[in-house]
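Residue numbers (my numbering): 12 to 245.
Cβ coordinates follow ideal geometry from the N, Cα and C atoms, glycine included.
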């Protein structure tokens, strides 16, 4: 058995010290190091601010192009905020989008973040494509061709069947997580619009309460092959 060298022991001690420091932080592994320029407290920030804001990037690498912790595998992906690339979203007005998952990556659905700005409006998905919306930040008004209106705030979600006329309008700003998939019909089943909120479901805390799982209970939705669960980092 080899005796550990001095450099190895020093590396081990430094690693243990880093882990201890991370665990002792109130925010757990998901917390960013305090910045002298940051005056906001975590409690004053939007609930899902870590969804679109990098938190673990070392300060000296935050502006380095290409730096990311994202990992793409055959059956899963970890997509971190520093890898988001926003550009104007096709068919949407005054909205920037960042695509996270597409069929080109091997998935059977599309997932993207939509940052709606002042006086913005959503576009419609392609024909025969169903859509799911989850509000991450801000608020917007969902309307359909039947004249129904729903005020969508943080934690609100909506399922829109394929070829269903609808629009989402935002007067200030809002950030949405959007899932779209080509509709797979079921015999004797008619889809319909569903609007709800995850605050009606009990949240589950994971990993020493560093992560929180929000599950959308929508048993009647035909998007049965996609489990819609929001994992939030605190």
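Using three-state DSSP, classify residue i as helix, strand or coil.
i, result
"residue 62", "helix"
"residue 129", "strand"
"residue 209", "helix"
"residue 94", "helix"
"residue 114", "helix"
"residue 141", "strand"
"residue 224", "Any reading at residue 224 must be qualified, since the residue scores a pLDDT of 47, below 50, and its modelled position is unreliable; no value is offered."
"residue 194", "coil"
"residue 99", "strand"
"residue 199", "coil"
"residue 183", "coil"
"residue 108", "strand"
"residue 162", "strand"
"residue 124", "strand"
"residue 148", "strand"
"residue 81", "coil"
"residue 89", "strand"
Taking 7 Å as the limit between beta carbons, can you name the residues of its chain near residue i, skipping five residues before and five after?
i, result
"residue 83", "116"
"residue 104", "131 and 132"
"residue 177", "153, 154, 155 and 171"
"residue 185", "127, 146, 148, 149, 150 and 151"
"residue 90", "81 and 111"
With a 10 Å radius around its C-beta and 16 neighbouring C-beta atoms as the bar for buried, classify residue i as buried or exposed.
i, result
"residue 170", "buried"
"residue 125", "buried"
"residue 188", "buried"
"residue 21", "In this prediction, residue 21 scores a pLDDT of 39, lower than 50, which makes its location untrustworthy; the coordinate-derived value is nonetheless stated afterwards. Flag for residue 21 reads exposed."
"residue 139", "exposed"
"residue 209", "buried"
"residue 157", "exposed"
"residue 113", "exposed"
"residue 179", "buried"
"residue 144", "buried"
"residue 95", "buried"
"residue 85", "exposed"
Between which two residues does the beta strand (DSSP E) holding residue i run?
i, result
"residue 155", "151-155"
"residue 171", "167-171"
If I measure Cβ to Cβ from residue i and keep anything under 6 Å in the same chain, skipping five residues before and after, which residues do I get?
i, result
"residue 97", "107 and 109"
"residue 191", "121, 136, 140 and 142"
"residue 166", "208, 209 and 210"
"residue 194", "139, 141 and 173"
Can you round the beta-carbon distance between residue i and residue j to whole angstroms, since I take them to be within the 8 Å contact cut?
i, j, result
"residue 134", "residue 99", "Not quite, the Cβ-Cβ distance comes to about 11 Å (not below 8 Å), so this is no contact."
"residue 129", "residue 183", "6 Å"
For residue i, which residues from the same chain have a beta carbon less than 8 Å from its beta carbon, with the 5 sequence-adjacent residues on both sides left out?
i, result
"residue 64", "92"
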